[in-house]
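*Asks:*
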Amino acid sequence: MIEFNNIKKSFSGKVVLDGVSHVMETGKTNLIIGTSGSGKTVLQKCLVGLIEPDEGEIIYDGKSFNAMSAEERKLLRQDIGMLFQGSALFDSMTVEDNVKFPLNMFTTDSNSKKLSRVNEVLAKVNLSGVNKKFPAEISGGMKKRVGIARAIVLNPKYLFCDEPNSGLDPVTSMVIDQLIKQITVEQNITTIINTHDMNSVMEIGDNILYLLNGKKEWSGTSKDIIFSDNKQLNQFIFASEFLQDAKEMRMLEAKEKLKSKGN
Amino acid sequence: MLMLKGMFSKPENPKLYWKEFMHQCSEISMGALPIVCIISVFMGAVSAVQTAYQLVSPLIPKTTIAQIVRDTVILEFSPTLVCIVLAGVIGSKIASELGNMRVSEQIDALEIMGINTKTFLILPKIVAAVIVIPMLIVLSMVLGIWGGRLAGDLSNILSSATFDIGLMQNFIPFNVFFALVKAYTFAFIISSVSAFYGYYVKGGALEIGKSSTKSVVVSCVVILLADYLLAALLL
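These protein sequence lines map, in sequence, to chains F and Z.
In this text, residue positions in the first sequence follow this note's numbering: the first is 11, and each later residue adds one.
In this text, residue positions in the second sequence follow this note's numbering: the first is 5, and each later residue adds one.
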């Protein structure tokens with residue numbers, strides 16, 4: 011579980027995060043949603059320590075991240091996996107070496123054991139036969155999956171994903187979403203996903219935090235969104251007429267279900 | 005200075021750091037070797053021909069040409085001129101490589117894994133440069149003098165035998181020591197300045213290009229300044 015309280019961050023006087031507090035739950039896919047520039051990425055970078063917040067406290071399973079020494083943070087980071095927006099694979103290494111890199115750095119296992127672990131996680135993300143390819147030789151969706159494989163190879167307790175679906179087609183996006191959800195449930199980890207992909211929100215949003223202009227505007231589950239009367243959230247989620255119609259239909263269906271249950 | 009201070013931390017896995025160091029040694033040496041060889045031979049050859057052109061007095065022995073070629077190559081051409089070229093070849097490579105890693109979030113990915121990126125990415129580059137560049141400079145000195153000898157012989161300015169006699173006359177071993185001091189200093193300047201500009205780049209592809217160019221320009225200016233200071237202090 012990751013809890014953060016009153017996170018504030020400004021860049022050159024411009025307030026990006028303004029007192030954001032929330033709890034990210036274990037075994038659930040926790041989503042941070044919001045328009046571009048709402049502070050999602052900055053919040054995620056604050057949580058993993060890539061950016062120091064100006065104010066506020068971050069707590070990882072009861073331990074204050076702010077109070078940790080550099081060495082303690084280093085140790086904690088071995089429990090963190092992160093999928094970056096652009097995958098951030100090492101260009102000079104093959105897919106296999108990319109996934110094996112954390113194992114080489116932090117374990118003393120034999121090469122055959124490391125290779126078997128690499129193949130295991132690559133199979134988990136449905137990638138096979140690409141071990142010897144370089145990142146430049148594979149598609150965007152494959153890169154994301156390699157990124158996920160690298161992020162989970164050390165069995166992290168916390169998985170951060172920064173816009174995992176950006177630049178992907180709807181089918182591949184869904185595959186990635188399901189994969190993240192499956193890993194989260196199977197390994198009982200705390201997953202935090204930054205997204206503005208509405209399919210992801212509705213499909214895998216167990217715990218959603220909606221940011222608006224650097225502030226927490228709303229939080230709840232994907233089911234709560236349907237019935238939410240928050241104007242800003244509705245404008246953001248159901249931006250098109252098609253989605254607004256879909257929402258109304260889902261609400262009608264839910265009301266009819268309630269009626270039939272009452273009868 | 006903060007960047008340099010941040011480089012010193014206990015490596016997570018010394019084997020990987022050693023591998024990275026060896027990789028950098030190979031990259032720097034193999035990448036710069038052809039240009040160092042070409043420049044050095046022609047530098048020596050041109051200095052022999054031009055010195056002969058300027059020494060018109062029959063009172064000056066021809067062996068003087070060899071002495072001038074030897075001293076200019078050892079004192080200035082090899083350490084300074086070659087290092088300025090290396091600032092372009094190696095410096096721009098280091099800056100653009102680190103810049104690209106920064107922009108594509110590869111450095112962030114390493115940080116997230118709990119790796120000290122300054123130790124893992126910058127330290128091996130600086131240590132490799134400080135070890136390999138002086139070796140290249142020594143090679144450049146040899147090739148430069150050989151180039152002068154070859155040019156003197158081919159253009160009938162002075163025979164190889166006369167050149168060899170001149171080469172041995174009034175030789176001051178301190179000059180080689182001075183050249184090596186310069187080589188170590190310039191190697192550190194090239195690698196640290198370019199690593200700084202690459203590591204702290206912000207933006208996209210355009211900024212990587214700009215920082216790469218800036219690293220070469222700043223390295224060259226600092227090399228020239230250090231060249232003057234070292235000459236004033238040690239000679």
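Just so you know, even glycine gets a beta-carbon here, dropped at the ideal spot from N, CA and C.
By how many angstroms is the C-alpha of R83 of chain F removed from the C-alpha of N120 of chain Z?
*Replies:* For this step, residue 120 of chain Z is matched to residue 116 along the second sequence. For this step, residue 83 of chain F is matched to residue 73 along the first sequence. Straight-line Cα distance between these residues: approximately 11 Å.
*Asks:* Should the region 173 to 180 of chain F be regarded as contacting the region 104 to 113 of chain F, the criterion being three or more beta carbon pairs within less than 8 Å?
*Replies:* Short answer: they don't touch.
*Asks:* Please name the residue or residues paired with C171 of chain F in a DSSP beta bridge.
*Replies:* For the purposes of this step, residue 171 of chain F is taken as residue 161 along the first sequence, with counting starting at 1. DSSP lists F:L93 and F:I203 as partners of C171 of chain F.
*Asks:* What whole-angstrom Cβ distance do N15 of chain F and G66 of chain F have, given they're in contact under 8 Å?
*Replies:* Position 5 of the first sequence, counted from the first residue, corresponds to residue 15 of chain F. Position 56 of the first sequence, counted from the first residue, corresponds to residue 66 of chain F. Contact holds; Cβ gap of about 6 Å.
*Asks:* Which residues does DSSP list as the beta-bridge partners of W228 of chain F?
*Replies:* As a working mapping, residue 228 of chain F is identified with position 218 in the first sequence. Beta-bridge pairing links W228 of chain F to F:Y220.
*Asks:* For S31 of chain F, does the three-state DSSP call read helix, strand or coil?
*Replies:* Mapped onto the first sequence, residue 31 of chain F falls at position 21. S31 of chain F: strand per DSSP, three-state reduction.
*Asks:* Enumerate, from N- to C-terminal direction, the unbroken alpha helix (DSSP H) stretches of 4 or more residues contained entirely within the region 117 to 185 of chain F.
*Replies:* 121 to 134 and 150 to 162, all fully within the region 117 to 185 of chain F.
*Asks:* So is I42 of chain Z buried or exposed if we call it buried at 16+ other beta carbons inside 10 Å?
*Replies:* Here residue 42 of chain Z is taken as the residue at index 38 of the second sequence, counted from 1. Label assigned to I42 of chain Z: exposed.
*Asks:* What are the uninterrupted segments assigned as alpha helix (DSSP H) that are 4 or more residues long and contained completely in the region 43 to 100 of chain F, given in chain order?
*Replies:* The qualifying runs are 50 to 58 and 80 to 87.
*Asks:* Would you call the region 225 to 242 of chain F in contact with the region 193 to 204 of chain F, where contact means no fewer than 3 C-beta pairs closer than 8 Å?
*Replies:* Contact fails: fewer than three Cβ-Cβ distances are below 8 Å.
*Asks:* Between the region 122 to 140 of chain F and the region 85 to 102 of chain F, do at least 3 Cβ pairs fall closer than 8 Å?
*Replies:* Too few Cβ pairs lie closer than 8 Å, so no.
*Asks:* With a 10 Å radius around its C-beta and 16 neighbouring C-beta atoms as the bar for buried, classify F81 of chain Z as buried or exposed.
*Replies:* Taking the first residue of the second sequence as 1, we reach residue 81 of chain Z at position 77. Burial call: buried.
*Asks:* Between N160 of chain Z and F181 of chain Z, what straight-line distance do the alpha-carbon atoms span, to the nearest angstrom?
*Replies:* Translated into positions along the second sequence, residue 160 of chain Z becomes position 156. Translated into positions along the second sequence, residue 181 of chain Z becomes position 177. Distance between the alpha carbons of N160 of chain Z and F181 of chain Z: 32 Å.
*Asks:* Would L41 of chain F and G157 of chain F be called neighbours here (beta carbons separated by less than 8 Å)?
*Replies:* Start at 1 with the first residue of the first sequence, and residue 41 of chain F comes out as number 31. Start at 1 with the first residue of the first sequence, and residue 157 of chain F comes out as number 147. Their beta carbons are not under 8 Å apart, which means L41 of chain F does not touch G157 of chain F by this criterion.
*Asks:* Along the chain, where does the alpha helix (DSSP H) containing I69 of chain Z start, and where does it finish?
*Replies:* The residue you call residue 69 of chain Z lines up with position 65 of the second sequence. That run of the alpha helix (DSSP H) goes T67 to T76.
*Asks:* I need the straight-line Cα distance from I141 of chain Z to V205 of chain Z, nearest angstrom please.
*Replies:* Here residue 141 of chain Z refers to the residue found at position 137 when the second sequence is read from its first residue. Here residue 205 of chain Z refers to the residue found at position 201 when the second sequence is read from its first residue. Cα to Cα, I141 of chain Z sits roughly 30 Å from V205 of chain Z.
*Asks:* Establish whether the CB of A270 of chain Z and some CB of chain F are separated by less than 8 Å.
*Replies:* Nothing about residue 270 of chain Z can be read from this structure; chain Z reaches only from 5 to 239.
*Asks:* Ends of the alpha helix (DSSP H) at S20 of chain F?
*Replies:* The count along the first sequence starts at 1 and reaches residue 20 of chain F at position 10. That residue, S20 of chain F, is in no alpha helix (DSSP H); its beta strand (DSSP E) goes I12 to F21.
*Asks:* Measuring CB to CB, does L90 of chain Z end up less than 8 Å from G202 of chain Z?
*Replies:* Locating residue 90 of chain Z in the second sequence gives position 86, counting from the first residue. Locating residue 202 of chain Z in the second sequence gives position 198, counting from the first residue. Contact flag unset, no.
*Asks:* Counting only Cβ pairs nearer than 7 Å, list the residues of chain F close to I227 of chain Z.
*Replies:* Counting from one through the second sequence, the residue named residue 227 of chain Z turns up at place 223. Those do not exist, as I227 of chain Z stays about 28 Å from chain F at its closest Cβ, beyond 7 Å.
*Asks:* Can the beta-carbon of R87 of chain F be found less than 8 Å from the beta-carbon of I116 of chain Z?
*Replies:* Within the first sequence, the letter at position 77 stands for residue 87 of chain F. Within the second sequence, the letter at position 112 stands for residue 116 of chain Z. For R87 of chain F and I116 of chain Z, yes; Cβs fall inside 8 Å.
*Asks:* Please state whether DSSP places T39 of chain F in a helix, a strand or coil.
*Replies:* In the first sequence, residue 39 of chain F corresponds to position 29, counting from 1. Three-state result, T39 of chain F: strand.
*Asks:* Classify V131 of chain Z as helix, strand or coil using the three-state DSSP reduction.
*Replies:* For the purposes of this step, residue 131 of chain Z is taken as residue 127 along the second sequence, with counting starting at 1. Correct three-state label for V131 of chain Z: helix.
*Asks:* Look up V25 of chain F in the DSSP assignment and say whether it is helix, strand or coil.
*Replies:* Reading the first sequence from its first residue, position 15 is the one you call residue 25 of chain F. DSSP places V25 of chain F in strand when its eight states are reduced to three.
*Asks:* Can you round the beta-carbon distance between S216 of chain Z and S100 of chain Z to whole angstroms, since I take them to be within the 8 Å contact cut?
*Replies:* For the purposes of this step, residue 216 of chain Z is taken as residue 212 along the second sequence, with counting starting at 1. For the purposes of this step, residue 100 of chain Z is taken as residue 96 along the second sequence, with counting starting at 1. That belief holds up - the Cβ atoms of S216 of chain Z and S100 of chain Z are roughly 5 Å apart, short of 8 Å.
*Asks:* Can you find at least 3 beta carbon pairs, one from the region 30 to 46 of chain Z and one from the region 137 to 151 of chain Z, that sit closer than 8 Å?
*Replies:* Yes, the region 30 to 46 of chain Z touches the region 137 to 151 of chain Z.
*Asks:* Answer with yes or no whether the minimum CB distance from M117 of chain Z to chain F is below 8 Å.
*Replies:* Against the second sequence, residue 117 of chain Z aligns to sequence position 113. Yes, M117 of chain Z lies at the interface with chain F (some Cβ there is under 8 Å from its Cβ).
*Asks:* Measuring only the C-alpha atoms, how far is L158 of chain Z from G48 of chain Z?
*Replies:* On the second sequence, residue 158 of chain Z is found 154 positions in, with the first residue counted as 1. On the second sequence, residue 48 of chain Z is found 44 positions in, with the first residue counted as 1. Each residue's Cα considered, the two are about 13 Å apart.
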